[in-house]
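Following the UniProt record's numbering, the numbering of the sequence shown begins with 1 at its first residue and continues without gaps. Heads up, the thing below is written out as structure tokens.
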Amino acid sequence: VRAEEDEEDFQSCCEDDEVWKDNEEVAKEEEKKELDEFSVKMFFKGISLAETGDSSSGFSGIGVVMERSANSPVIQVQKKLDFYVEESVADYLALMDGLTEAMQNKIRRVYAFTDSALLHDQLAQVAIGVVSSPAKGDKSLQYCSICFEDKPSLMMITMKCSHRFCSHCMRTHVDGKLQSSKVPIS
Numbered sequence: 001v002r003a004e005e006d007e008e009d010f011q012s013c014c015e016d017d018e019v020w021k022d023n024e025e026v027a028k029e030e031e032k033k034e035l036d037e038f039s040v041k042m043f044f045k046g047i048s049l050a051e052t053g054d055s056s057s058g059f060s061g062i063g064v065v066m067e068r069s070a071n072s073p074v075i076q077v078q079k080k081l082d083f084y085v086e087e088s089v090a091d092y093l094a095l096m097d098g099l100t101e102a103m104q105n106k107i108r109r110v111y112a113f114t115d116s117a118l119l120h121d122q123l124a125q126v127a128i129g130v131v132s133s134p135a136k137g138d139k140s141l142q143y144c145s146i147c148f149e150d151k152p153s154l155m156m157i158t159m160k161c162s163h164r165f166c167s168h169c170m171r172t173h174v175d176g177k178l179q180s181s182k183v184p185i186s
């Protein structure tokens, strides 16, 4: 009974009930899909807590849980990062760590779930081709300070510090740092 009360308190302070009900309905629909030995449902989250009065330092971490078929154990990744990043970057890092872990476990199909609206929207835009080909007539361009090119506005990521980068450069930068195990990522 106490666990149910704690969950209700958590839900009420984090999101409204309709969002939770929608998520529960989606989860139930997903449960109907049978996962094979090469498929997982991956839930990932990045967390960042800025130190009081200083938005450029703090603590960051990631968490990933991958559920497999009924006969396979759950795969978990949890890391406290040795550096501070904004939460949107922590979400990207969680996604990339999850996908890396999936590849190492020879997973071929990943159903990914996140509560990051920013990441979800950007991935959805890439998936449907919005980012790679902007709408006709939309000539809105912004300058990327990494590749020094003008890019469509839809491709740009704005950090809390107001720096702007194209999503391709941000992904390449973070991926390169992860591959070379260089921290902090800045």
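Yeah, the Cβ is synthetic: ideal placement off N, Cα and C, and Gly gets one too. If you're wondering where the values come from, they're calculated on a predicted model, not measured in any experiment.
{"query": "Out of Ser140, Phe43 and Glu51, point me to the one whose CA is closest to Gly63's CA.", "result": "Phe43"}
{"query": "At what residues does the alpha helix (DSSP H) containing Ala102 begin and finish?", "result": "Glu87 to Gln104"}
{"query": "Return the first residue and the last residue of the beta strand (DSSP E) that Thr158 is part of.", "result": "Met156 to Thr158"}
{"query": "Taking the continuous beta strand (DSSP E) assigned at Asp115, which residues delimit it?", "result": "That residue, Asp115, is in no beta strand (DSSP E); it is neither H nor E in DSSP."}
{"query": "Does Val74 come out as helix, strand or coil in the three-state DSSP assignment?", "result": "coil"}
{"query": "Would Leu81 pass as a contact of Gly61 if the rule is Cβ separation under 8 Å?", "result": "yes"}
{"query": "Return the bridge partner residues of Tyr143 from the DSSP annotation.", "result": "Asp150"}
{"query": "Determine the burial state of Gly98: buried for a count of at least 16 other Cβ atoms within 10 Å of its Cβ, exposed for fewer.", "result": "buried"}
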